[in-house]
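Number of protein chains: 2
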Amino acid sequence: MRAVVFNGVHDVSVEEVPDPEIHLPTDAIVRVLATCVCGSDLWYYRGESERKPGSRIGHEFVGVVEEVGSAVSTVAVGDVVIAPFAFSDGTCPNCAFGFPSSCIHGGVWGGRDAEGFRADGGQGELVRAPLADGTLVVVPGGMPSEELLPSLLALSDVMGTGHHAAISAGVRPGATVAVVGDGAVGLSGVIAAKRLGAERIIALSRHADRQALARELGATDVVEQRGPDAIEPVLSLTVGVGVDAVLECVGTGESMATAFAIARPGSRVGYVGVPHGAEVPLQAAFRHNVGLVGGMAPVRAYLPELLEDVLAGTITPGRLFDFRGGLDDIPAGYAAMDERRAIKAMARL
Amino acid sequence: MRAVVFNGVHDVSVEEVPDPEIHLPTDAIVRVLATCVCGSDLWYYRGESERKPGSRIGHEFVGVVEEVGSAVSTVAVGDVVIAPFAFSDGTCPNCAFGFPSSCIHGGVWGGRDAEGFRADGGQGELVRAPLADGTLVVVPGGMPSEELLPSLLALSDVMGTGHHAAISAGVRPGATVAVVGDGAVGLSGVIAAKRLGAERIIALSRHADRQALARELGATDVVEQRGPDAIEPVLSLTVGVGVDAVLECVGTGESMATAFAIARPGSRVGYVGVPHGAEVPLQAAFRHNVGLVGGMAPVRAYLPELLEDVLAGTITPGRLFDFRGGLDDIPAGYAAMDERRAIKAMARL
């Protein structure tokens with residue numbers, strides 16, 4: 001089969017690799033219908049994090065089950081399934097507590113499962129999915145339309161991550177919410193905040209095209225400034241006290257500082273941007289009871305309820321994919337995202 | 001009148017000071033029935049924080065209203081009232097959001113009100129209480145019994161602070177909770193966790209007398225180790241994953257590190273110990289979704305519901321006062337708390 005391989009900084013390519021096989025009775029083999037590139041894929045692409053040359057990459061996909069191990073019971077051959085960005089058994093104490101992202105027996109695509117067998121990356125024609133029962137979510141109704149497919153794919157990571165920011169920040173009906181970051185996760189956060197009933201959604205965005213998309217997705221206000229300059233404009237929209245909930249969708253020191261500065265006393269910063277040089281302003285946070293909640297999103301836990309809304313057409317996170325091609329176009333998708341020409345790149349296989 | 005005055009490090013004394021007067025129509029004058037010494041009073045006492053020599057101190061008291069300004073409507077002469085550790089108007093956007101500790105027009109006892117007049121400290125015979133309607137909570141039933149008085153006094157700070165740790169950590173019925181810190185706030189946290197329905201309460205305490213009190217107040221388990229050595233014992237009590245909620249009631253670097261290390265993925269550390277050299281282990285917190293929520297407790301917001309339970313006899317936080325005397329004994333109370341001979345010192349006037 002063919003799959004995307006990481007060769008080195010700014011160098012990924014589509015290569016011929018061995019077909020996956022069932023190793024464990026809990027495995028399934030999935031033929032990929034669509035996959036995409038994550039903002040976090042850019043870290044190794046840019047050399048900001050280590051990755052072994054020759055490794056298989058990608059962690060978001062929708063596909064059709066081609067084979068299942070003897071112990072798999074909730075997923076059958078022919079099912080259309082969504083894979084969250086990590087695999088998990090669904091039964092360990094952390095899964096039971098609602099955090100499959102910390103599954104004791106889980107792992108990540110391209111990494112090893114609990115028995116030491118390597119799982120495939122998500123950017124390829126076929127994927128061995130460990131812990132299929134706990135991991136894969138069946139899409140009812142069989143093969144999805146081409147219109148629906150992108151929104152299903154968005155549920156594998158970015159939509160669930162934006163939702164996690166909103167849940168972590170405690171977004172409630174009627175709330176005034178600020179979203180720091182206008183990338184794919186930030187825009188998913190706008191969708192999530194609207195879905196949870198926020199009345200006012202302030203998007204911090206300095207790109208005209210993303211501002212327009214943010215407004216289409218539910219943002220009621222846009223603040224163009226960034227960093228310290230964004231604080232006063234947000235406060236002036238909120239009688240000087242700050243917003244009821246902040247979605248921090250970047251992870252830098254500047255974005256975290258902005259998030260805390262615009263959060264009202266007693267509110268929470270919901271953070272899902274992996275911290276890069278970010279710090280918590282602990283004294284100010286303590287003085288005014290601004291909490292910090294979030295982390296690596298437990299996407300699998302949110303998938304069923306978000307899938308229901310995608311199928312009902314009430315949310316369409318597939319709109320975030322502004323670069324579309326086939327498997328061979330994925331390297332170009334990385335480049336487009338790296339150069340900020342695209343919000344998020346998707347491949348239809 | 002007589003009141004306690006801070007003279008310098010390890011030096012407080014009872015002095016003759018001017019009687020307070022109504023300055024603003026929203027003021028009340030309260031004759032103090034009982035007052036106490038807070039762990040945070042020890043900071044200036046020990047020279048760990050700055051304080052002007054000659055300043056008036058104390059921020060916890062129960063008393064009888066002696067005079068009210070013309071605009072006061074919810075508090076009348078003769079009412080027995082509890083004062084939370086900060087004054088607040090009860091109507092500003094932050095008060096309305098449930099965080100009177102961040103009241104826009106508020107302040108602290110011994111500090112200045114929004115009009116620039118200095119409020120009295122709580123450790124004295126009389127106190128001018130600014131914003132009386134928003135601040136003071138009337139105790140129904142008139143003069144309390146000597147048995148009830150300590151528990152009412154505990155509501156002015158320590159009980160509400162322990163409760164805030166529990167609320168911030170998200171303690172729910174059936175939860176397994178750890179309490180870091182066996183001082184008056186930590187022990188209040190034990191009471192609060194039990195009150196909120198925690199099934200298992202693990203007290204981290206190395207003092208035999210405090211361990212015994214913690215167990216009487218609701219702790220089901222005690223871990224004697226401290227710092228890194230406490231982690232393994234707590235994990236072994238929780239199938240290796242950590243507790244559902246952590247109450248961090250100290251504020252040091254060590255206590256915060258312990259709190260995060262014993263919090264299970266997806267849980268929250270509720271912190272109420274003013275941070276002193278504490279840091280958030282952001283990468284680990286992100287990886288496993290351990291949140292940090294809390295801060296200076298909005299005690300006034302919690303007072304009515306906690307008062308109801310004190311009056312019903314379901315909680316008796318007055319048990320924390322293990323040093324009792326009169327106004328003249330307060331300097332000895334500071335010394336006893338400083339030398340860890342007492343958990344918390346109370347004076348009956």
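Sequence order for the protein chains is A and B.
Here the first sequence is numbered in UniProt numbering, starting from 1 and rising by one per residue.
Here the second sequence is numbered in UniProt numbering, starting from 1 and rising by one per residue.
We put the CB at the ideal spot given by N, CA and C, even for glycine.
The structure presented is a predicted model; accordingly, all values stated were derived computationally and were not measured.
- Listed along chain B are F99, S101, S102, H164, S168, V293, G294, G295, M296, A297, P298, each with a C-beta nearer than 9 Å to that of N289(A).
- Using a Cβ distance threshold of 9 Å, A169(B) and V246(B) count as a contacting pair.
- Between the segment 10-18 of chain B and the segment 64-74 of chain A there are fewer than three inter-stretch CB-CB distances shorter than 8 Å, so the stretches are not counted as touching.
- Separation of D209(A) and V222(A) (C-alpha to C-alpha, rounded to the nearest whole angstrom) is 12 Å.
- For P317(B), the number of other beta carbons within 10 angstroms of its own is at least 16, and it is reported as buried.
- The Cβ atoms of I330(A) and T35(A) sit closer than 9 Å to each other.
- Linking A312(A) to D322(A) through their CA atoms gives a straight-line distance of about 22 Å.
- Bounds of any alpha helix (DSSP H) do not take in I343(A), whose DSSP letter is neither H nor E.
- For D221(A), the uninterrupted beta strand (DSSP E) segment begins and ends at 221-223.
- Against R264(B), the close residues of chain A are P93, N94, F97, F99, S102, in the order they occur along the chain (beta-carbon pairs closer than 9 Å).
- Residue pairing from DSSP places V180(B) in a beta bridge opposite L204(B), E248(B).
- With a cutoff of 9 Å on beta-carbon distance, A132(B) and V68(B) are scored as near each other.
- Chain-order list of chain A residues neighbouring P275(B): L282, Q283, F286, by C-beta distance under 7 Å.
- Only buried fits Q123(B), as 16 or more other CB atoms lie within 10 angstroms of its CB.
- Under the 10 Å beta carbon count, K344(B) is surrounded by 16 or more other beta carbons and is classified as buried.
- When C-alpha distances from A129(B) are compared across K52(B), I82(B), L307(B), the shortest belongs to I82(B).
- Around A198(A), no beta-carbon contact reaches into chain B at under 8 Å, the shortest distance being about 16 Å.
- The alpha carbon of H163(B) has as its nearest neighbour, out of L320(B), V299(B), R348(B), the alpha carbon of V299(B).
- At least one CB of chain B lies nearer than 9 Å to the CB of A278(A).
- When secondary structure is reduced to three states using DSSP, R210(B) falls in the helix class.
- Contact between the segment 258-268 of chain A and the segment 269-278 of chain B is absent: fewer than 3 CB-CB pairs across the two stretches fall below 8 Å.
- Nearest to G8(A) by alpha-carbon distance, out of D244(A), R118(A), P53(A), is P53(A).
- Under the Cβ criterion of 9 Å, R268(A) is counted among the residues facing chain B.
- Rounded to whole angstroms, the separation of the alpha carbons of C38(A) and G121(A) is 13 Å.
- As a beta-bridge residue in DSSP terms, L126(B) pairs with R31(B).
- Within the model, the alpha-carbon separation for A301(A) versus T161(A) is close to 11 Å.
- Residues of chain B with a Cβ closer than 7 Å to the Cβ of V241(A) are, in chain order, P93, N94.
- Per DSSP, I82(B) is one residue of the beta strand (DSSP E) stretching across 80-83.
- In this structure, T258(A) sits away from L292(A), with a CB-CB distance that is not shorter than 9 Å.
- Taking CB atoms only, D244(A) has a neighbour in chain B less than 9 Å away.
- With respect to F99(B), D244(A) sits apart: the two C-beta atoms are not nearer than 9 Å.
- Of the residues A335(A), G107(A), T91(A), A192(A), the one whose Cα lies closest to the Cα of T314(A) is A192(A).
- By the rule that beta-carbons nearer than 9 Å mark a contact, Y271(A) touches chain B.
- In this structure, A278(B) and L282(A) form a Cβ contact; the two beta carbons are roughly 6 Å apart against a cut-off of 8 Å.
- Around the beta carbon of R206(A), fewer than 16 other beta carbons lie within 10 angstroms, which makes this residue exposed.
- For the set G142(A), A230(A), L327(A), Y45(A), the Cα lying nearest the Cα of V77(A) is the one of G142(A).
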